[in-house]
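>
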Amino acid sequence: MRLIEVAPKLYLVPLDQDVPGFTSFIGAWIYKGKKTFLVDVGPASTVPMLVKSLETLEVRHLDAILLTHIHIDHAGGAGDLAVLFPDTPIVCHKKGIQHLADPSRLWEGSLKTLGQTAQAYGPFRPVPQKLLYNAGLYQDHKVIPILTPGHAPHHVSYLLGPYLFAGEAGGVCLDISGNGFYLRPATPPRFFLETSIQSIDALISRKPSMICYGHFGMKEDAVSMLKTHRDQLLLWKEIVKDEIVNLQGTEGEDLFNGCLQRLLKQDPCLKNFFYMDKAVKERERGFLKNSIKGFTGYLQTVADNA
Numbered sequence: 399m400r401l402i403e404v405a406p407k408l409y410l411v412p413l414d415q416d417v418p419g420f421t422s423f424i425g426a427w428i429y430k431g432k433k434t435f436l437v438d439v440g441p442a443s444t445v446p447m448l449v450k451s452l453e454t455l456e457v458r459h460l461d462a463i464l465l466t467h468i469h470i471d472h473a474g475g476a477g478d479l480a481v482l483f484p485d486t487p488i489v490c491h492k493k494g495i496q497h498l499a500d501p502s503r504l505w506e507g508s509l510k511t512l513g514q515t516a517q518a519y520g521p522f523r524p525v526p527q528k529l530l531y532n533a534g535l536y537q538d539h540k541v542i543p544i545l546t547p548g549h550a551p552h553h554v555s556y557l558l559g560p561y562l563f564a565g566e567a568g569g570v571c572l573d574i575s576g577n578g579f580y581l582r583p584a585t586p587p588r589f590f591l592e593t594s595i596q597s598i599d600a601l602i603s604r605k606p607s608m609i610c611y612g613h614f615g616m617k618e619d620a621v622s623m624l625k626t627h628r629d630q631l632l633l634w635k636e637i638v639k640d641e642i643v644n645l646q647g648t649e650g651e652d653l654f655n656g657c658l659q660r661l662l663k664q665d666p667c668l669k670n671f672f673y674m675d676k677a678v679k680e681r682e683r684g685f686l687k688n689s690i691k692g693f694t695g696y697l698q699t700v701a702d703n704a
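Heads up, the sequence shown is in the working numbering, so the first residue is 399 and it goes up one at a time.
In structure tokens, the structure reads:
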């Protein structure tokens, strides 16, 4: 078990999976001030790891569990945590409430999308309906929920003092030892660029000091990082659009490979891809493919509606 104090009262819990390349990738956040909050819980498989971290910090009561979205790597363990903290409200987007209360469709979708990785994460356990709170109406304890659809329609970010818990609204940001950071979009299908840009602008308008990513860690220059990601999304739009034209009639792997080669060459935020370990590169290649699919689908929708 690892527990990282990244700032006063704020701890990052790395939820490392028994899957190649999935170390220092999924994280939960514990804020231990006058009130104590847990932001995201990770999948069911690492709930014991998360509980040990809470015990290490002598956390016996949580004022709220704040879920940025209901994907399995962020919320898969919510039902397990509800058993251990039966009086703690679990806050999520209103669209997520029914799926956490009855996670059968969430589990089915996770298996279809992630396959063996979902099996490694473990199945969802239902969350009692009485514990589920609509983030759009949640106003307790100086926590400011900000609805940030884009990565998913049920995505919420949370502002608590100087800390912005952005989930994947600001992309995926990884520190690459000795080489700075790697930042990529998290734009799976169905993706709508305008919606994501609006969400990023909403976060920028709040002027947060520090951004806490779901994947992975914290950056102190939150507004700058959000603006960088905004520019990145617009750059991806132009590169993917250009590749679709250049490779007219090409689909599947050929289009993906063409887009990926251009993006790795022209997106400065991806330059550290080449310094990653082999297993991490393989993981990222899969996520990059899914994000490119989001852009190609978006651009096809734009073309169809033109």
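Idealized CB from N, CA, C, for every residue including glycine.
Please list, in chain order, all residues of the same chain as P608 whose beta carbon is under 6 Å from its beta carbon, the five residues on each side excluded.
Per the sequence shown, the amino acid found at residue 608 is Met instead of Pro. Around M608: P560, Y561, M616, E618, A620.
> Looking at F483 and L460, is the spacing between their C-beta atoms short of 9 Å?
In terms of Cβ geometry, L460 and F483 form a close pair [threshold 9 Å].
> Go ahead and pull the three-state DSSP assignment for S607.
coil
> Which class does E506 belong to by DSSP, given the choice of helix, strand or coil?
helix
> For T694, count neighbouring C-beta atoms within 10 Å of its own C-beta (all shown protein chains included) and say buried if the count is 16 or more, exposed if not.
Per the 10 Å Cβ criterion, buried.
> Using the beta-carbon count (16 or more within 10 Å), is L632 buried or exposed?
exposed
> Give me the Cα-Cα distance between I463 and G513, rounded to the nearest whole angstrom.
Computed Cα separation, rounded: 27 Å.
> Any idea what DSSP makes of V457, helix, strand or coil?
coil
> Report buried or exposed for G351, applying the criterion of at least 16 other Cβ atoms within 10 angstroms of its Cβ.
Shown here, the chain extends from 399 to 704; a query on residue 351 therefore has no answer.
> Alpha carbon to alpha carbon, what distance is there between T486 and Q537?
A straight-line Cα-Cα distance of about 15 Å links Q537 and T486.
> What are the complete alpha helix (DSSP H) segments, minimum 4 residues, inside the stretch 576 to 661?
591 to 603, 620 to 644
> Going by DSSP, what residue range makes up the beta strand (DSSP E) through L572?
570 to 574
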